[in-house]
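Visitor: One structure, pasted below without further comment.
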Amino acid sequence: MLPSAIAGSAYVIGGYYQHLGGVWSQHYTQSTAASQWVNLEEYSLTEGDFDNQFSSLYSDALEDYEYIRVETQKEGDWSYYMIATLMQAYTFQVLADLYGDIPFSEALRGVNVLTPKWETGQAVYDSLLMRIDDAVSKDFSLSSVSKVGYSDIIFGGVPDKEADLDDQLNDWFKFANTLKLKIYMRYVNVDPEKYRSQIVALLAENNFLTKDAKMIAFKNEEDNRNPFYETFIDRLSGNVAASATLLDTLRKSQDPRLDALFNTPELGGGHVAIPQGFYKEAQTQYASYKNLSLPNFNPTAPVYFFTLPEVNFLIAEAQLRYGTEAMAIQYYQMGIDESFKLLGLTPDPTLYQAGGVYEYKGLESIITQKWIAAANTNAIESFFDYNRTGYPDFFDVSPVSTIGEQRPQRLLYPDSERKSNPNTPPLKRIYEKVWWAL
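In my numbering, the protein residues as written are 21 to 458.
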């Protein structure tokens with residue numbers, strides 16, 4: 021059941037949410053070739069949009085994690101218990117960031133509670149932190165603790181070498197610390213002192229992820245490919261094009277990551293991008309998607325829950341706010357290096373050294389580089405970062421916006437919940453901020 025639960029998280033977060041984050045953080049824009057996703061450019065979502073993904077995460081991922089948690093707690097099988105708890109916490113955290121309020125403590129009780137109460141994102145976050153601490157505090161030396169091996173499709177090993185349990189557990193301890201730091205940093209705009217001591221302790225311990233947390237179990241065959249590739253590259257070919265916001269940033273900086281992230285047009289020439297939301301205006305000049313740069317995406321590409329670049333930029337921000345700027349600079353530079361490595365490129369320190377185009381300039385530099393590094397990997401996090409920090413500060417408001425100069429802050433409460441659960445809160449507009457937003 022654990023592999024299917026992790027896959028349930030991966031297929032939504034690495035598929036539809038990757039696309040949502042990519043458009044709303046201006047990695048991608050709607051191609052001239054179709055109009056499948058113009059509602060994202062218009063900021064004109066309805067309660068029906070992303071309803072299926074919301075329901076899928078609860079039924080295909082969160083419920084399975086809960087079943088594992090309940091059953092393994094009875095048996096004292098703390099390895100499975102910890103992994104299920106951490107992945108459930110990660111998934112709940114993404115949902116809370118997208119919707120603000122979500123069904124939580126009563127949500128996974130089956131027929132016993134058919135209309136669960138909704139809880140605020142901040143209350144969910146506080147509870148998740150307690151759950152994470154509980155999960156990692158167990159006695160993993162007990163004989164009741166099972167070897168997880170390949171059932172863990174994140175840290176379980178590669179095809180020819182199954183992971184040792186101790187190594188596997190250590191990776192999950194690091195995952196837990198990284199997730200906690202990510203959650204703590206959501207409080208910086210509302211209560212920056214609330215978890216100061218915990219953040220300082222985490223930074224001192226420095227036991228964060230040292231490898232990508234990713235699901236790699238994809239094959240180049242129908243319905244087994246990377247979910248973003250399956251939906252947005254293969255089935256809807258040409259719908260998603262490079263946004264000029266990202267492509268021009270890379271081109272202006274002569275950043276070699278450009279070629280790794282986007283192809284050159286199939287019909288020839290150099291890279292071509294569309295300004296965000298200008299799919300109508302560009303139709304005359306670029307009638308075919310073959311005139312445009314599209315995301316370089318492999319059918320067997322992993323779904324990333326954390327990448328090493330993201331981890332380093334997360335630590336850099338925490339060091340800037342709660343540690344030392346010298347350490348912030350060190351992790352900022354490591355984040356750029358890891359971004360290059362992730363794309364199979366050799367790092368180029370001249371980019372961030374004194375006088376370089378990416379020379380460190382505080383939080384703006386950290387979040388802007390984190391945004392670049394999230395392209396084609398974990399774009400939804402860039403959407404959250406923008407609403408949390410205001411960076412990158414050069415995003416364009418879509419010219420086809422239906423909400424004026426405002427930008428989207430959340431998804432709408434799903435239609436299925438509004439119709440079936442009377443505890444669903446009153447409608448909030450797409451431009452209403454979630455609790456941690458700037």
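By construction, the Cβ of each residue, glycine as well, lies at the ideal position given by its N, Cα and C atoms.
How many Å lie between G177 and D184 at the Cα?
Guide: As a first step, residue 177 is located in the sequence shown; it is residue number 157 there, counting from the start. As a first step, residue 184 is located in the sequence shown; it is residue number 164 there, counting from the start. Distance between the alpha carbons of G177 and D184: 8 Å.
Visitor: I'd like to check one pair, Q389 with L256: are the Cβ atoms closer than 8 Å?
Guide: For the purposes of this step, residue 256 is taken as the residue at position 236 of the sequence shown. For the purposes of this step, residue 389 is taken as the residue at position 369 of the sequence shown. Cβ distance not < 8 Å, so L256 and Q389 don't count as in contact.
Visitor: Take the Cβ of A321 as the centre, count every other Cβ of all protein chains shown within 10 Å, and call the residue buried at 16 or more, exposed below.
Guide: Here residue 321 is taken as the residue at index 301 of the sequence shown, counted from 1. Under this definition A321 is a buried residue.
Visitor: Is the distance from the Cβ of A399 to the Cβ of G258 below 8 Å?
Guide: Translated into the one-based positions of the sequence shown, residue 399 becomes position 379. Translated into the one-based positions of the sequence shown, residue 258 becomes position 238. No. Outside cutoff.
Visitor: Cutting at 6 Å between CB atoms, please list the residues of its own chain near V420, excluding the five before and the five after it.
Guide: Residue 420 sits at position 400 when you count from the first residue of the sequence shown. Within the same chain, V420 has close Cβ partners E61, E62, G297.
Visitor: Specify, as a first and last residue, the run of the alpha helix (DSSP H) that T49 falls within.
Guide: Along the sequence shown, read from residue 1 onward, the residue named residue 49 stands at position 29. No alpha helix (DSSP H) holds T49; the beta strand (DSSP E) holding it covers 48-50.
Visitor: Within the chosen definition, does the stretch 375-389 reach the stretch 287-302 through at least 3 CB pairs nearer than 8 Å?
Guide: In short, these stretches do not touch, since the Cβ pair count stays below three.
Visitor: Measure the alpha-carbon distance for Y351 versus S308 and round it to whole angstroms.
Guide: Position 331 of the sequence shown, counted from the first residue, corresponds to residue 351. Position 288 of the sequence shown, counted from the first residue, corresponds to residue 308. Roughly 42 Å separates the two Cα atoms.
Visitor: Give me the Cα-Cα distance between G289 and A25, rounded to the nearest whole angstrom.
Guide: Counted from its first residue, the sequence shown places residue 289 at position 269. Counted from its first residue, the sequence shown places residue 25 at position 5. Their Cα atoms are separated by approximately 44 Å.
Visitor: Roughly how many angstroms lie between the CA atoms of E452 and R408, to the nearest whole one?
Guide: Within the sequence shown, residue 452 is the residue found at index 432, counting from 1. Within the sequence shown, residue 408 is the residue found at index 388, counting from 1. For E452 and R408, the distance between alpha carbons rounds to 13 Å.
Visitor: Can L199 and L106 be called in contact, C-beta distance under 8 Å?
Guide: Mapped onto the sequence shown, residue 199 falls at position 179. Mapped onto the sequence shown, residue 106 falls at position 86. Yes. Within cutoff.
Visitor: Is F248 closer than 8 Å to H39 when the C-beta atoms are compared?
Guide: Taking the first residue of the sequence shown as 1, we reach residue 39 at position 19. Taking the first residue of the sequence shown as 1, we reach residue 248 at position 228. Yes.
Visitor: Just to check my reading of the structure: L383 and Y342 have Cβ atoms closer than 8 Å, yes? What is that Cβ distance to the nearest angstrom?
Guide: For the purposes of this step, residue 383 is identified with residue 363 of the sequence shown, where counting begins at 1. For the purposes of this step, residue 342 is identified with residue 322 of the sequence shown, where counting begins at 1. Not a contact, Cβ separation roughly 13 Å.
Visitor: Relative to the alpha-carbon of N316, which residue among A261, P123, V90 has its alpha-carbon at the smallest distance?
Guide: Here residue 316 corresponds to residue number 296 of the sequence shown, with the count starting at 1. Closest by alpha carbon: A261.
Visitor: In whole angstroms, give me the CA-to-CA distance for F237 and Y31.
Guide: Within the sequence shown, the letter at position 217 stands for residue 237. Within the sequence shown, the letter at position 11 stands for residue 31. Residue identity differs from the one stated: residue 237 is Ala in this sequence, not Phe. Cα-Cα distance, rounded: 12 Å.
Visitor: Out of curiosity, what's the CA-to-CA distance linking G424 and V208?
Guide: What you label residue 424 is simply residue 404 of the sequence shown in a count that begins at 1. What you label residue 208 is simply residue 188 of the sequence shown in a count that begins at 1. Cα to Cα, G424 sits roughly 28 Å from V208.
Visitor: Could you tell me which uninterrupted beta strand (DSSP E) segments, each at least 3 residues in length, are contained entirely in the stretch 222-260, listed from first to last along the chain?
Guide: Fully enclosed beta strand (DSSP E) runs of 3 or longer: 233-235.
Visitor: CA-CA distance, R277 and L363?
Guide: Here residue 277 corresponds to residue number 257 of the sequence shown, with the count starting at 1. Here residue 363 corresponds to residue number 343 of the sequence shown, with the count starting at 1. For R277 and L363, the distance between alpha carbons rounds to 7 Å.
Visitor: Could you give the DSSP three-state label for Y324: helix, strand or coil?
Guide: The count along the sequence shown starts at 1 and reaches residue 324 at position 304. Y324: strand per DSSP, three-state reduction.
Visitor: One question on the structure: do I103 and L162 come within less than 8 Å of each other, judged by their Cβ atoms?
Guide: The sequence position of residue 103 within the sequence shown is 83, counting from 1. The sequence position of residue 162 within the sequence shown is 142, counting from 1. Cβ distance not < 8 Å, so I103 and L162 don't count as in contact.
Visitor: When you compare the CB positions of S164 and G96, do they come within less than 8 Å of one another, or not?
Guide: Position 144 of the sequence shown, counting from 1, holds the residue named residue 164. Position 76 of the sequence shown, counting from 1, holds the residue named residue 96. Closer than 8 Å, so yes.
Visitor: If you draw a straight line from the alpha carbon of Q274 to that of A374, how long is it in whole angstroms?
Guide: For the purposes of this step, residue 274 is taken as residue 254 along the sequence shown, with counting starting at 1. For the purposes of this step, residue 374 is taken as residue 354 along the sequence shown, with counting starting at 1. Going by the C-alpha atoms only, they are around 17 Å apart.
Visitor: Using DSSP bridges, identify the partner residues of K181.
Guide: On the sequence shown, position 161 is the one that residue 181 refers to. Paired residue(s): V178.
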